[in-house]
Amino acid sequence: MFFDLLALLWAPFLMCLVLTGIHAYLGVHVLAREVVFVDIALAQIAALGATAAFLVGFDLDTWQSYACGLGATVAGALVLAVTRTRERHVSQEAVIGVVYAVSSAGAVLLADRAPHGVEHVRAMLVGNLLAVQASDVVKVALLYAVVGALHWACRRPFFLISTDPDAAFAAGWRVRWWDFLFYASFGVVVTSSVRIGGVLLVFSYLIVPALAGVALGRTVRAKLLIGWAFGTLVSVLGVVASAALDLPTGATVVCMFGATLLAFWAFRR
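So, in structure tokens, the structure goes:
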């Protein structure tokens, strides 16, 4: 019985590896920029757009729902780029907190007017990882490969702005434009990931592997390799625990991230 469950979970497991690949990389940027909650804010904005589409009759897995979520996320990326200034009179993390709170409240208000709105909000939080098929893995992997290629081509301004924004301003880079491109591509990833794993799983894949990489690695390559290894390990543990204990896969992986990070901290101590 246990091995039968594992056989059914191979596609969700491969999706977890895909999520690890792109989110661990983006997490390194997020930690360097000190905007830890930007992912969950953009994820919640995507959920707000998808909830608006749900209110007018489009299911979560339709292209109309995806388009609404992506449009809302790009608008959020524009807000984050515009509020970035050279002299920080107000922390951008405060702006991100306001964006998250307003988008969360907006999603609740829209869901309150939609049939089965509570179930929709729950789906946006925890996702439906078990419903992933092999075709979904291929499509998402190709999309993330395109985003990864964009980031590789733009790696110099992206990493400079993340690690030393003052130098980027001094060098004459158009920081707000590059910020918008970064957050918009970030939004494409988040919008796709939220439909699969939900807001909580996406946030976990973004922050926890990158946190392990930053704690142990000194170079960007080392941070990425450690983050990818950590995310892969937790994905294996989470999927196996989900199959063995008959638990929801997405929530199990999120809890496994917390437990593994705690064990990692205890080992470091």
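Each residue of the sequence shown is one higher than the one before, counting from 1097 in the numbering used here.
For glycine and all other residues, C-beta sits at the position ideal for the given N, C-alpha and C.
| query | result |
| --- | --- |
| Span separating the alpha-carbon of D1232 from that of V1284 | 16 Å |
| Cut-off 6 Å between Cβ atoms - residues of its own chain near L1312, not counting five sequence neighbours on either side | I1322 |
| Sequence-distant residues of the same chain with beta carbon closer than 6 Å to L1225, five excluded per side | P1108, G1293, T1345 and G1346 |
| Local Cβ density within 10 Å of F1098, reported as buried at 16 or more and exposed below that | Low local confidence applies: a pLDDT of 48 at F1098 is under 50, so the model's placement there is unreliable, with the coordinate-based value given in what follows. Result: exposed. |
| Proximity below 8 Å, CB of I1136 to CB of F1299 | yes |
| Spatial distance of A1143 from Y1240 (CA atoms) | 19 Å |
| Residue from A1177, W1324, T1348 and A1267 whose Cα sits closest to the Cα of L1333 | T1348 |
| Exposure label - W1324; buried when at least 16 CB within 10 Å | buried |
| As assigned by DSSP and simplified to three states, the class of Q1188 | helix |
| K1235 classed as buried or exposed, judged by whether at least 16 other C-beta atoms fall within 10 angstroms | exposed |
| A1168 beta carbon less than 8 Å from that of I1141 | yes |
| DSSP-derived helix/strand/coil call for T1315 | coil |
| For A1267, the three-state DSSP class (helix, strand or coil) | coil |
| CB contact flag (A1203, T1147, <8 Å) | yes |
| Beta carbon of F1278 nearer than 8 Å to that of V1271 | no |
| Cβ distance (whole Å) where V1350 is taken to contact L1105 below 8 Å | With 8 Å as the limit, V1350 and L1105 do not qualify as a contact, their Cβ atoms being about 16 Å apart. |
| A1168: first and last residue of the uninterrupted alpha helix (DSSP H) it sits in | W1159 to V1178 |
| CA-to-CA distance, D1155 to L1357, given in whole angstroms | 35 Å |
| Buried or exposed (CB count within 10 angstroms, at least 16 for buried), W1274 | buried |
| Distance CB(A1120)-CB(L1320) smaller than 8 Å | yes |
| Alpha helix (DSSP H) segment containing R1251, residue limits | R1251 to T1259 |
| Q1160 vs A1149 beta-carbon contact at 8 Å | yes |
| Selected residue, minimal CA-CA separation from V1124, among Y1301, V1152 and V1198 | Y1301 |
| Beta-carbon spacing of V1242, A1139 below 8 Å | no |
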